[in-house]
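Numbering (this note's numbering), first residue to last: -5 to 304.
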């Protein structure tokens, strides 16, 4: 007799996540990441990507279910999740999970906040849903190849991993059962998108959508589709043309990573940035800070600065 399939294990874990207490260390760190992401939304609301996202949300109307941070806009959970997620990536202070090559917080936290507000969920439920989102999204990012995938497939782990994390968090908060979660994951897989051409976006607007807005929007949409009664594929992770075959070169490892759900928490491997710049520049910014502090160098003393990054 064989054990549960990958999709059965994952769906059951997601469906029961809000009933399962988190270890104290995990709950505390999750709260830090929620606060860090909200702070990023507040500062991001004053930057171009955030202003444009808020303007779009204000023009969209819809049932007032969730607020857009830094504004008076109250809109649908789907639109609020998208807008807040763009805010969260606007100033590059969002968190970073190196093994999966993702910034999980900017998509997962806004998605969870929007659905939690819509469903009038408790703070405890929100924290558990966010931790769940990191666990699912970062594992999908790892399966896509994580840091090793950069420049290989052209797929953006930055959008697709967090998209699944947002869907998981939203599905839990929306009260989906295990079968409903399976359908939500199928809708998420159908929306899996994002290519690394975002790197050419000099104004940071499209990038904020790819890293944050798109994943949050699609994840919440998937969960609320199913809550509204839509049905879908029972197992998008196996069979012909499944998600893992299309997107995940490390798919054979995913079952092992899923088996560690509840014992290994990805949020413990997620970093909060010290500087408001991209992750690859953190070390250079820290080095420059130390050099200035040690040698008392002022901007006028510098004729040229060469920075070499691995």
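C-beta atoms are modelled at their ideal positions from N, C-alpha and C, and glycine is treated no differently.
Just so it is clear, the structure is predicted and the values come from calculations on it, not from any experiment.
query: 8 Å Cβ cutoff met for residue 101 and residue 183; result: no
query: Inter-residue Cα distance where the pair is residue 179 and residue 247; result: 19 Å
query: Secondary structure of residue 189, DSSP reduced to three states; result: strand
query: Residues near residue 90 in its chain [Cβ-Cβ closer than 6 Å; skip 5 each side]; result: 97, 265, 273
query: Where residue 87 falls, given that 16 or more other Cβ within 10 Å makes a residue buried; result: buried
query: Close-in-space but distant-in-sequence residues of the same chain around residue 191 (CB under 6 Å, 5 per side omitted); result: none
query: Secondary structure, alpha helix (DSSP H): runs of 4+ residues fully inside the segment 201 to 230; result: 208 to 221
query: Between the CA atoms of residue 195 and residue 161 - distance to the nearest angstrom; result: 26 Å
query: Residue 50 to residue -1 span [Cα, whole Å]; result: 41 Å
query: Residue 287 versus residue 74 - alpha carbon distance; result: 42 Å
query: Cut-off 8 Å between Cβ atoms - residues of its own chain near residue 262, not counting five sequence neighbours on either side; result: 19, 20, 23
query: Proximity of residue 39 and residue 63 at Cβ, strictly below 8 Å; result: yes
query: Meets three-Cβ-pair contact criterion under 8 Å: the segment 297 to 304 and the segment 103 to 118; result: no
query: Residue 235, buried or exposed, once every other Cβ within 10 Å from all chains shown has been counted against 16; result: exposed
query: First through last residue of the alpha helix (DSSP H) which encompasses residue 7; result: 0 to 9
query: Where the alpha helix (DSSP H) through residue 267 begins and ends; result: Run containing residue 267: none; DSSP gives neither H nor E here.
query: Close Cβ partners of residue 181 (< 6 Å) along its chain, the five nearest in sequence each way excluded; result: 216, 219, 226
query: When 136, 60, 45 are compared against residue 104, the one with the closest alpha-carbon; result: 60
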